[in-house]
Amino acid sequence: MECLRLHPIAPAMTRTVTQDFEFAGVTVPQGRRVIIGTTVPHGLDGCFTDADRFDPERFAPGRMEHRRPGAFAPYGLGTHICAGSGMAEGLIMLNLAAILRTLDLRGDPAYVLREVARPTATPDDRLTLRVNAVRHPAVSLLA
Numbered sequence: 154m155e156c157l158r159l160h161p162i163a164p165a166m167t168r169t170v171t172q173d174f175e176f177a178g179v180t181v182p183q184g185r186r187v188i189i190g191t192t193v194p195h196g197l198d199g200c201f202t203d204a205d206r207f208d209p210e211r212f213a214p215g216r217m218e219h220r221r222p223g224a225f226a227p228y229g230l231g232t233h234i235c236a237g238s239g240m241a242e243g244l245i246m247l248n249l250a251a252i253l254r255t256l257d258l259r260g261d262p263a264y265v266l267r268e269v270a271r272p273t274a275t276p277d278d279r280l281t282l283r284v285n286a287v288r289h290p291a292v293s294l295l296a
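So the mapping is simple: our numbering equals the position in the sequence shown, first residue as 1, plus 153.
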């Protein structure tokens with residue numbers, strides 16, 4: 154969940170305004186397309202303590218910083234939330250567990266993560282991982 158906070162799947166949503174409204178002293182007219190930054194709170198110290206720091210414990214019982222309304226929205230908000238969000242989290246964990254169980258990976262310790270939007274955030278092309286060893290070779294289901 155901390156990875157999704159820092160690197161959300163859907164950082165914003167586009168919507169069409171159905172009636173005029175005012176925001177920060179500016180009138181936004183009906184029919185205007187707007188971008189709603191649903192994950193802006195992910196980086197705010199008012200929502201997450203020391204928001205720039207990677208801290209998986211912020212989601213642990215006793216802290217649960219993400220439980221504030223609108224604070225945590227890696228898949229969007231409201232009626233337009235991604236329908237596959239629960240399945241996506243399960244698949245992410247399953248795939249990561251399978252990769253880490255099977256492969257001993259090594260990265261360049263000097264690499265600094267830089268993200269590129271394609272259309273969602275992804276590491277830049279300089280990220281490389283080397284397979285140092287295979288821990289548990291795949292078991293053939295045909296044998």
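Idealized CB from N, CA, C, for every residue including glycine. Fair warning: this is a prediction, and the values are worked out from it, not measured in the lab.
Whether residue i touches residue j by CB criterion (8 Å)
i            : j                 : result
proline 209  : glycine 190       : no
arginine 254 : arginine 288      : yes
leucine 249  : tyrosine 264      : no
glycine 175  : phenylalanine 201 : Just to set this straight, residue 175 is glutamate in the shown sequence, not glycine. For glutamate 175 and phenylalanine 201, no; Cβs fall outside 8 Å.
Residue i CB to nearest heavy atom of the ligand NAP below 7 Å
i           : result
alanine 177 : Because no ligand of any kind appears in the structure shown, any question about the ligand NAP cannot be addressed here.
First and last residue of the uninterrupted beta strand (DSSP E) at residue i
i                 : result
alanine 274       : 274–276
methionine 166    : 166–169
arginine 221      : Per DSSP, arginine 221 belongs to no beta strand (DSSP E) and is neither H nor E.
arginine 185      : Counting along the chain, arginine 185 falls outside any beta strand (DSSP E), and DSSP gives it neither H nor E.
phenylalanine 201 : No beta strand (DSSP E) holds phenylalanine 201; DSSP gives it neither H nor E.
aspartate 175     : One detail in the question is off: residue 175 reads as glutamate in this sequence, not aspartate. Where glutamate 175 is concerned, the enclosing beta strand (DSSP E) stretches over 174–176.
For residue j and residue i, believed in contact at Cβ under 8 Å, the rounded distance
i             : j             : result
aspartate 173 : threonine 167 : Contact doesn't hold; Cβ gap of about 18 Å is too wide.
arginine 221  : glutamate 155 : Not quite, the Cβ-Cβ distance comes to about 16 Å (not below 8 Å), so this is no contact.
proline 262   : proline 161   : In fact, because the Cβ distance is near 26 Å, the residues do not count as touching under 8 Å.
valine 269    : threonine 275 : 6 Å
Sequence-distant residues of its chain with Cβ nearer than 6 Å to residue i (five each side left out)
i             : result
histidine 195 : Arg158
leucine 282   : Leu258 and Gly260
alanine 224   : Pro194 and Cys200
Residues of its chain near residue i, where Cβ-Cβ distance is below 7 Å and the 5 sequence neighbours each way are ignored
i             : result
arginine 216  : Glu210
histidine 233 : Met166
alanine 286   : Asp257
The alpha helix (DSSP H) enclosing residue i, as first and last residue numbers
i            : result
arginine 158 : 155–159
Chain-order list of residues whose beta-carbon lies under 8 Å from that of residue i (same chain, five-residue window excluded)
i            : result
cysteine 235 : Ile162, Ala163, Tyr228, Gly229 and Ala241
Query raised in the report: What are the start and end residues of each continuous alpha helix (DSSP H) run of 4 or more residues lying completely inside the region 226–293, in chain order?
Result: 238–255
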